[in-house]
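> Order-wise, the sequence lines are chains L and D. Throughout the first sequence, residue numbering follows this note's numbering, covering 469 to 709 in sequence. Throughout the second sequence, residue numbering follows this note's numbering, covering 1367 to 1938 in sequence. Beta carbons: idealized from backbone N, C-alpha and C, even for Gly. Given the structure is predicted, the values throughout are model-derived calculations rather than measurements.
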Amino acid sequence: MSDTIRITIDQTTVQAAAGSTILQAAREAGISIPTICYHDHCTANGLCRICVVEVEGARTLQPACVVQIRDGMVIHTRSERVIRSRRTIFELLASTVDLSESPEIQAMIHEYHADVYRYPDAETRLPAVIDDNPMYIRDYAKCILCWRCVQVCAEDAQYTYAINFSGRGYETQISTFYEIPMPESTCVFCGQCVGVCPTGALKPKRQWLLEMGYTPDEIMNLTRSQRQRRKRREEISANPS
Amino acid sequence: MSELDLSPLLHRLESYHSQGRTALLPALHDAQQLYGYIPKPAAEAIAQALNVPLAEVFGVIEFYSLFYSQPVGKTVIHICNDPACALAGSETLFKQIRFHQEASPADSPQSALTIEMAPCLGLCEHAPAALVQGQPIARADRQTWQDLVSGKGERPSSVLGGTVSILTANCGLGHTVELSEYLDLGGYQALRKALRTPPRQIIEEIKAAGLVGRGGAAFPTGLKWEAAADAPSEVKYVVCNADEAEPGTFKDRVLMEDDPHSILEGMLIAGYAIGAQKGYIYIRGEYWFPYQAMKNAVEEAREAGFLGSNILDTEFNFEIEIRRGAGAYICGEETALFESIEGKRGFPRLKPPFPTTQGLFGKPTVINNVETLANVPVIIRKGASHYRKLGTEKSPGSKLFCLSGDVVRPGLYEVPFGIPFHHLLFDLAGGVRPGHHFQAALFGGAAGAFATTDHLNVRLTFEDLKEAGLPLGSGVITVFDETRDLRDICLRLARFFAEESCGKCYPCQMGTQRQFEIMERIVRGEIHKEDWERLQDVGWTMTDSSLCGLGQTAASAILSAMKHFPHLFQTV
Ligand SMILES: Cc1cc2nc3c(=O)[nH]c(=O)nc-3n(C[C@H](O)[C@H](O)[C@H](O)COP(=O)(O)O)c2cc1C
Ligand code: SF4
Ligand code: SF4
Ligand code: FES
Ligand code: FES
């Protein structure tokens, strides 16, 4: 069994482990490819397409995070086509979503000279903050639809299935069943979704309130009644009679 | 909310219980039919019966535009808003209905209407077209509005033309060809012959015939079958793609309504050739009559022993199930279609793996377009060399073209591959509407490109069109005379893609929206000099980097309009 194969990345021929993705092979070779949706612990779905590279012989650009290398593959990670796509995707994202708490994406936007004001007609997504439970808030104006929260809530970790999508296309939003409040859903408040959210769209309630200028004492008072409601609900489901 | 009687739904759910999640769309259709929309308790009952998480049931309801999670009017009217119908005045029709509705007293039946603009309904030769409670209405502008809202009106018939009738031999008779008539016309002879032939030889015959897929991607059918036949698996599937939602396309509708058994026969032969035991037909939710015709045909075939076990006294067993879509163009994309049959949101999958190795339910699957399958009995009955007598070396056989727009006789034309475009347009379809002349034609639908007067001599084959930079696609040709503003057409196409993007990948999810916004402003007459570069960047990024064919072609028509008619997009 031959474990390594030869590929050419940006004019350099390298050996790489068979079965690895272009992204992994490039990293091994010290070439960095930007990523947004990719996460080591989540199923890769090839959503953001920021990682696209040009593979000779392929009609379209290829997402490096999911495409596996083949022997003799010739890859260009910074061709004109690649740069145009990446810059445009950054500009699309910046005109759609509030990226103010996504420093990593902002740094990449800067690196690619993307113009965040490129699309003056853009209808940005501005849903109101959802504050329906004592543990975390959901500010989907900051959501980049990376799907991580949906995936960790389902098969990637928790098997709780509290959230999925509403709408489709540009109107897509992460949502509970018929948009019910989180405490009425199957959510167990494990906090995994908050942990993987890269943009501050999901945020611990305490942090959110602190950012809004509340003192820790005020926060205790604000969230007490919600915590009590939740506790009652849990007691009821433990003794349904 | 008043008490909802769940018992009729629960009764229907009993029969779905053993199927699990794959019965989700059928169950949601049932709920919607019973209650007019899908009330939350109904969704909960469905989730429980099929063992699907609640949030995912909601996700599915929200994905499909024909499913409503909130109450809607007693009567739902869809008016087509895509190019062919727009040319025929659909926008005025829409406004008139709205006006009448708003002028009606609050307690009148008219106030209980929900009126929506819809994407192409596959009735383009009968423009402007409408659906009233799912029932198609041809030439909706000729109905009084009272008739229209009560669902009275002309039922669309088939309008056929062309120089040969091979695929359409049994079409246009004014009725659906049922089993007995189909048999009299030589039907199921090809199946008889196939079942006496080794499966590999069938595949060789299809390869020798040079049959190429008619669903848009132009993939060689024989190679596809061979790959699925070679894939090691006990369980395999044949899927008939009858989602037909490419704006301007209506050929599969006519084939299904007029000659459903020819499609079943094609599926049966495909199933035998690749070693499948089961087939699915996925029909778009807007196609009520085609669904009924296919459903009856499946029942007839089952009763007569053409479906089931030991078909025609052989070892071959095959069953067919029909699934209805629910308003999502993306579900015509093969992997999104599988997801939909599996009871999920219609998100396309990453490829590889390809359907021939991991398709429906993860099993090797052949998915073919309706028209592709209709070619199969023709090839098997008379042999590949006979089939090749028509057409060209690289494009053998005949092709169905859907002509609509500013043409004297819109309709479905069957012609041999290789005739020049002007012959089809002027000699067969009567040319451009009287008093006007040809400006452009959209080839291949929304995902297509514009042809200009320079293209009138192009021969209609895969190879000639490719060289001319025109997609044959599914055979759509929408014609525009010199009075039409192509920017308005581009705006409609941009809206179509913005509505139909599934939202999975970023370039298409946001690019289709930006493209639409820019086109909206351009059509208002406010062109910025930066728009050219904006449209080019968004367009090429979608083309280069989108996950599936929808995004990859979402800018195709606009980029071609910019190439052929640059002044339309520039400041004066
Ligand atoms: C967005 C999109 C929509 C499509 N819609 C259809 C359709 O309605 N009918 C169809 O047969 N193929 C459609 N296709 C093509 C299918 O993915 C697939 O290639 C086809 O069903 C294969 O059949 P064929 O080889 O017989 O052409 C669509 C593709 C894309 C990307
Ligand atoms: S809420 Fe956060 S984790 Fe979830 S999809 Fe949006 S950005 Fe990703
Ligand atoms: S290209 Fe469009 S339709 Fe296809 S996966 Fe991406 S968002 Fe969905
Ligand atoms: S990182 Fe590869 S598609 Fe998002
Ligand atoms: S039915 Fe209106 S454009 Fe096709």
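With a CB to CB cut of under 6 Å and the five nearest residues on each side skipped, what residues in its chain are close to GLY1651/D?
LEU1432, ARG1690, GLY1691, ALA1692 and GLY1693
> Quick one: which chain L residues come within Cβ less than 7 Å of ASP1903/D?
ARG552 and THR556
> Sorted by chain position, which residues of the same chain lie with C-beta nearer than 8 Å to SER488/L's C-beta, five sequence neighbours on each side aside?
Cβ within range, chain order: GLU496, GLN536 and ILE537.
> Listed in chain order, which residues are found with a beta carbon closer than 6 Å to a heavy atom of ligand 4?
Chain-ordered list of matching residues: THR503/L, ILE504/L, CYS505/L, TYR506/L, GLY514/L, LEU515/L, CYS516/L, ARG517/L, ILE518/L, CYS519/L, PRO531/L and CYS533/L.
> Using only CA atoms, which one of ALA1454/D, ALA1806/D and LEU1489/D lies nearest to ASP1345/D?
In this structure chain D extends from 1367 to 1938, so residue 1345/D is not present and cannot be described.
> Could you tell me which residues DSSP pairs with CYS1768/D in its beta bridges?
LEU1778/D and VAL1842/D
> Compute the distance between the beta-carbons of PRO649/L and ASP607/L, then report whether it is under 8 Å.
no
> Closer than 7 Å to a non-hydrogen atom of ligand 3 - does that hold for the CB of GLN1501/D?
Relative to the non-hydrogen atoms of ligand 3, the Cβ of GLN1501/D never comes closer than 7 Å to any of them.
> If you drop the 5 nearest sequence neighbours on each side, which residues of the same chain put their C-beta closer than 8 Å to that of LEU1678/D?
LEU1557, ARG1558, LEU1561, GLY1671 and PHE1672
> Within its chain, find whatever has a CB closer than 6 Å to the CB of LYS1644/D; leave out the 5 residues flanking it on each side and keep chain order.
TYR1603 and GLU1685
> Would you be able to state if there are at least three C-beta pairs under 8 Å between the stretch 1771-1778 of chain D and the stretch 1790-1798 of chain D?
yes
> Reducing DSSP to helix, strand and coil, say where THR683/L ends up.
coil
> Compute the beta-carbon to beta-carbon distance between CYS611/L and ALA669/L, rounded to the nearest angstrom, for a pair I have assumed lies under 8 Å.
4 Å between Cβ atoms; contact.
> Would you check whether ligand 3 has a heavy atom nearer than 7 Å to the C-beta of LYS1870/D?
yes
> LEU1561/D by DSSP, collapsed to three states: which one?
Residue state, collapsed to three classes: helix.
> ASP566/L CB to nearest chain D CB: under 8 Å?
no
> Once DSSP output is grouped into helix, strand and coil, what is the label at GLN641/L?
strand
> Determine the direct distance from the alpha carbon of GLY1576/D to that of THR1534/D, and round the result to whole angstroms.
Rounded to whole angstroms, the gap between the alpha carbons of THR1534/D and GLY1576/D is 20 Å.
> Candidates GLN1879/D, GLY1891/D, LEU1857/D and GLN1936/D: which alpha carbon is nearest GLY1917/D's?
GLN1879/D
> Cβ closer than 8 Å: which chain D residues qualify as neighbours of THR640/L?
Those within 8 Å of THR640/L in chain D are GLY1869 and GLN1875.
> On the criterion of 16 or more Cβ atoms from any shown chain inside 10 Å, does ASN632/L qualify as buried, or is it exposed?
buried
> Nearest chain L C-beta to LYS1895/D closer than 8 Å, yes or no?
LYS1895/D does not count as touching chain L.
> Going by the C-beta, is ALA1583/D closer than 7 Å to any heavy atom of ligand 1?
yes
> Which chain D residues sit within Cβ distance under 7 Å of ALA590/L?
By Cβ distance, chain D contributes ARG1880 and GLU1883.
> THR1723/D versus chain L: which residues are under 7 Å apart at the beta carbon?
Those do not exist, as THR1723/D stays about 15 Å from chain L at its closest Cβ, beyond 7 Å.
> Less than 7 Å between the CB of CYS658/L and some heavy atom of ligand 2, yes or no?
no
> Would you tell me roughly how many angstroms separate the C-alpha atoms of LEU1390/D and PRO1407/D, rounded to the nearest one?
When rounded, the distance between both Cα atoms is 15 Å.
> Only counting the same chain, and skipping five residues up and downstream in sequence, which positions put a Cβ closer than 6 Å to that of THR1758/D?
Short of 6 Å from the beta carbon of THR1758/D, and not among the five residues preceding or following it, lie these beta carbons of its own chain, in chain order: PHE1783, GLY1784 and THR1827.
> Under 8 Å, do ILE1696/D and GLU1866/D count as touching if we go by C-beta distance?
yes
> Output, in chain order, the set of chain L residues within a Cβ distance shorter than 9 Å of ALA1864/D.
Neighbourhood of ALA1864/D in chain L, by CB distance below 9 Å: GLY637 and TYR638, in chain order.
> Residues of chain L with CB under 8 Å from LYS1435/D, in chain order?
Lys is not the amino acid found at residue 1435/D; the sequence shown has Ser there. Neighbours of SER1435/D on chain L, chain order: TYR646.
> CA-CA distance, MET469/L and GLN492/L?
Residue placement at MET469/L is flagged as unreliable, the pLDDT there being 45, under the threshold of 50; the coordinate-derived value follows with that caveat. Straight-line Cα distance between these residues: approximately 20 Å.
> Between ALA1812/D and THR1849/D, what straight-line distance do the alpha-carbon atoms span, to the nearest angstrom?
20 Å
> Give me the Cα-Cα distance between ARG1890/D and GLY1386/D, rounded to the nearest whole angstrom.
Answer to the nearest angstrom: the Cα atoms are 50 Å apart.
> Within 8 Å, do at least three Cβ pairs link the stretch 513-527 of chain L to the stretch 1911-1928 of chain D?
Contact check between the stretch 1911-1928 of chain D and the stretch 513-527 of chain L: three or more CB pairs, one atom from each, fall below 8 Å, which counts as touching.
> Compute every distance between the C-beta of CYS1486/D and the non-hydrogen atoms of ligand 5, then say whether any falls below 7 Å.
Yes, the beta carbon of CYS1486/D sits closer than 7 Å to at least one heavy atom of ligand 5.
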